[in-house]
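Residue numbers (the working numbering): 7 to 886.
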């Protein structure tokens, strides 16, 4: 007999999963048959009435109370922490506890699911074995509360005659009531390593937690009955406990079916209609099981998604956010346009099959007044969301919620509900994409928004004209353009203008704040960077003070700076960054990031091919802008047939008494007035221009010596200010001007003398400056952008003419170097070129820069420092 028993136990142990499945299927079969018989006797009309009898407030209260009823289960996960080597953070315990317990409630699967989920949540703080070991101890007490409440139910039935009609089921209550006493005795009187740590205090806490779990569930079940109009609820409590014991014994997840069958059999015995009983159980399943489970599922998806996202380097999260962002921007604009159509051509909306089918999803209000206003609010906020501005999130979310509530008041269909929930979820996920501090509208964005407004106004005006009773039309008004009344149309016209004002106010709100990237001009900071790390072709232009300056600093020390000017959403940077090239990549990254934070894009103007390739790695495109000429000074001379004309010119100037010299700053008032007279004569009433070159300003000119030509009477007739580059290899000039009376060829006189002068000063190259658009876009198969750029610049420059400029400089230039415009790939090349054109051609009033920011006497003269260094180098060379 003993051997047979062992064989049976071995067989059961070996096939326990199969036997368990057979048992559960048998129970489910019985339950399905029983429930089927019960449902056949239910009055469907009463069932429908009960479902629709609940007010929104009742639904809300049952939802909240159902969530509260689940909370005692969280005690298990807090108690589990005492058996793990490391405590999990409280926030994660709450999320894990809710997820695991609500999943177990609905799905169950014999604790396997709970163990698996807890291993997933607590895996960072303990091994899988440790987690399963801890869960096994806790699992013993899951039914201890039900056991105590079984005792309470026996007392109610046989002591107080409450629920006496269910006394026939006493065997279930007695069986349930024995569980806790036997468990406590077993854990205390049997010595086992497994029960280590389960002291009396811990067991009482677990039992108390289980008691509240089952008591809250029973209490919530009775509350649902109260909402359904049942007042004699005391008798139902013992039945609820009996049904739960039956459900536990059946081993069906959540007692699904067996619990319901028991309740459906018992409730009519308590005088409750079967239809009401079905609704009662349905509400219990929804508010105690399904809704908490849905929240737990969200927690689970969030946790699993976070791990999956981390494993894939944040790519899934970024993809979801960008997809949501694209969808919400499209939806906002589409909804706004649909609302505008509803306000301007309402009859077309009603008669068009396609547009009419889409109209319910447009957030449209019944009153056309609201449609026009809300439509332009959506357009303004859509621009903010499209540009990823943080301040656009809450206004957009609030407007969406208000509009969606309005739609539901009109048509509460399931399809609309699902779609608008997706819209709100998309807006929620879009929040991670909104990181910019302020809005800067690009030309393309402004053009699109303006086009929507202008077309709305034109269409609305046409509709008003076509429907005006004062105008006689030869042909009947098309059905699509019919409008209800002239009064409504006129009200709408006023609102169109009001909507424009609202749109401007929204854009103004989104454009406020942010960080000012311009550090302002500080001569000491500029000079320190140039002196310490060297300058470049554009570094001296910082002293013109007509450009903003962005500094990149390390440990409070300036390393590089960028010279730029803003136009719309573009920061046009003049040349390459000046300073410590060791930090070039870091400086570029920081500048792009800071600019992007303010919704600005960076464009680099006149940069080298090496810098262009660096920016190409940052996702920038480029076009060739022109070529920059350099004269090799060591080998320069004007001998030979090539310079025959220059020799004759120099000899003529010498015979006529013209002399070359250098004016050292600070200049006398007399010399400065002569320089100003030459500049005014050369300008001939035209305005100064800056950015890519300097302008006549005393502060700027007194930073370096000026090369001058005097006539035989000693009067100045031409000048050119030196433009040092911060090293001892290359120098250049900026302004070269002569009076109207100066003889032809005076520019060659300055250049040739300067070549000799700076060569003697130790320089190796002289930068002759740009030949814009030289060899750019001249071939049929050149990039379309370069050909367009060529046309823009060819007809865009009104002040300077570049025709023949390359051929003139080519007399001296020994090497041409390409220069490029580098711009973000996402920006329009045509708009970018036009913006550069506006910046370069912007008129400058030197009077705007007369404020005493820093006088030359307050700083070391840059040219003198260079001259001193070159003199020291010559002395060392002579000693050698």
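Cβ atoms here follow ideal geometry from the backbone N, Cα and C, with glycine treated the same way. Remember, it's a predicted structure, so these values are computed and weren't measured experimentally.
Residue i: buried (16+ other C-beta within 10 angstroms of its C-beta) or exposed?
{"i": "residue 336", "result": "exposed"}
{"i": "residue 16", "result": "exposed"}
{"i": "residue 338", "result": "buried"}
{"i": "residue 79", "result": "buried"}
{"i": "residue 194", "result": "exposed"}
{"i": "residue 679", "result": "exposed"}
{"i": "residue 743", "result": "buried"}
{"i": "residue 597", "result": "buried"}
{"i": "residue 24", "result": "exposed"}
{"i": "residue 595", "result": "exposed"}
{"i": "residue 503", "result": "exposed"}
{"i": "residue 254", "result": "buried"}
{"i": "residue 93", "result": "exposed"}
{"i": "residue 317", "result": "exposed"}
{"i": "residue 400", "result": "exposed"}
{"i": "residue 441", "result": "exposed"}
{"i": "residue 448", "result": "buried"}
{"i": "residue 278", "result": "buried"}
Residue i: which of the options sits nearest, CA to CA?
{"i": "residue 233", "options": "71, 458 and 675", "result": "71"}
{"i": "residue 738", "options": "716, 767, 720 and 746", "result": "767"}
{"i": "residue 724", "options": "718, 24, 714 and 832", "result": "714"}
{"i": "residue 142", "options": "162, 158, 90 and 156", "result": "90"}
{"i": "residue 774", "options": "636, 825, 688 and 649", "result": "636"}
{"i": "residue 647", "options": "464, 322, 817 and 383", "result": "817"}
{"i": "residue 150", "options": "509, 661 and 189", "result": "189"}
{"i": "residue 247", "options": "579, 183 and 204", "result": "183"}
{"i": "residue 191", "options": "205, 180, 179 and 178", "result": "205"}
{"i": "residue 823", "options": "676, 243, 612 and 445", "result": "612"}
{"i": "residue 155", "options": "513, 511, 316 and 224", "result": "224"}
{"i": "residue 380", "options": "67, 429 and 406", "result": "406"}
{"i": "residue 617", "options": "564, 454 and 825", "result": "825"}
{"i": "residue 654", "options": "294, 638, 621 and 752", "result": "752"}
{"i": "residue 461", "options": "109, 165 and 347", "result": "347"}
{"i": "residue 589", "options": "287, 652, 550 and 563", "result": "563"}
{"i": "residue 765", "options": "290, 734 and 404", "result": "734"}
{"i": "residue 887", "options": "630, 649, 706 and 718", "result": "No information on residue 887 is available, as it lies outside the stretch 7 to 886 that the chain covers here."}
{"i": "residue 443", "options": "322, 519, 236 and 237", "result": "519"}
Which residues in the same chain have their Cβ closer than 8 angstroms to the Cβ of residue i, if we skip the five residues on either side of it in sequence?
{"i": "residue 85", "result": "144, 208, 211, 212 and 215"}
{"i": "residue 327", "result": "435, 436, 438 and 439"}
{"i": "residue 579", "result": "568, 569, 570, 608, 609, 610 and 611"}
{"i": "residue 677", "result": "669 and 722"}
Report all residues from its chain with a CB closer than 6 angstroms to the CB of residue i; omit the five preceding and five following residues, and keep chain order.
{"i": "residue 81", "result": "215"}
{"i": "residue 397", "result": "516"}
{"i": "residue 745", "result": "684, 687 and 723"}
{"i": "residue 342", "result": "381, 384 and 385"}
{"i": "residue 858", "result": "Low per-residue confidence applies at residue 858: pLDDT is 41, beneath 50, and the placement is therefore not dependable enough to give any value."}
Excluding the 5 residues preceding and the 5 following residue i in the sequence, name in chain order all residues of the same chain whose CB lies nearer than 7 angstroms to its CB.
{"i": "residue 450", "result": "834 and 837"}
{"i": "residue 307", "result": "none"}
{"i": "residue 330", "result": "432, 435 and 436"}
{"i": "residue 252", "result": "178, 264, 265 and 268"}
{"i": "residue 573", "result": "841, 844 and 845"}
{"i": "residue 593", "result": "558, 565, 566 and 583"}
{"i": "residue 44", "result": "Residue placement at residue 44 is poorly supported in this model, since its pLDDT is 45, which falls under 50; the coordinates are not used for a value here."}
{"i": "residue 408", "result": "none"}
{"i": "residue 186", "result": "150, 153, 154 and 213"}
{"i": "residue 754", "result": "652 and 655"}
Is it true that the segment 83-102 meets the segment 226-235, where meeting means three or more beta-carbon pairs spaced less than 8 angstroms apart? No: the two stretches stay apart, fewer than three of their Cβ pairs being nearer than 8 angstroms.
Check whether the segment 695-710 and the segment 752-759 touch, using three or more Cβ-Cβ pairs below 8 angstroms as the test. No: the two stretches stay apart, fewer than three of their Cβ pairs being nearer than 8 angstroms.
Count the C-beta pairs between the segment 574-587 and the segment 526-546 that are closer than 8 angstroms, then say yes if the count reaches three, no if not. By the criterion of at least three beta-carbon pairs nearer than 8 angstroms, the segment 574-587 is in contact with the segment 526-546.
Is the segment 639-649 touching the segment 679-697 in the sense that three or more CB pairs, one from each, lie closer than 8 angstroms? With a cut-off of 8 angstroms, the segment 639-649 and the segment 679-697 do not count as touching, because too few Cβ pairs lie within range.
Is the segment 626-635 close to the segment 811-829, with three or more CB pairs under 8 angstroms? Touching, yes, given that three or more Cβ pairs across the two stretches are closer than 8 angstroms.
Enumerated in chain order, which unbroken segments of the alpha helix (DSSP H) with a length of 4 residues or greater are wholly contained in the segment 596-663? Every alpha helix (DSSP H) stretch that sits fully inside the segment 596-663 and reaches 4 residues is listed by chain position as 615-622 and 650-661.
Mind listing, in chain order, the continuous alpha helix (DSSP H) runs of no fewer than 4 residues lying wholly within the segment 503-541? Look at the segment 503-541 and you find these whole runs of alpha helix (DSSP H), each 4 residues long or longer: 529-539.
Complete alpha helix (DSSP H) runs within the segment 258-297 (minimum length 4 residues, chain order): With a minimum length of 4 residues, the continuous alpha helix (DSSP H) runs that stay inside the segment 258-297 are 264-272 and 280-290.
Secondary structure, alpha helix (DSSP H): runs of 4+ residues fully inside the segment 217-254: Restricting attention to alpha helix (DSSP H) runs no shorter than 4 residues, the segment 217-254 encloses none.
In chain order, each beta strand (DSSP E) run of at least 3 residues that lies wholly inside the segment 653-738: 665-669, 712-716 and 722-730, all fully within the segment 653-738.
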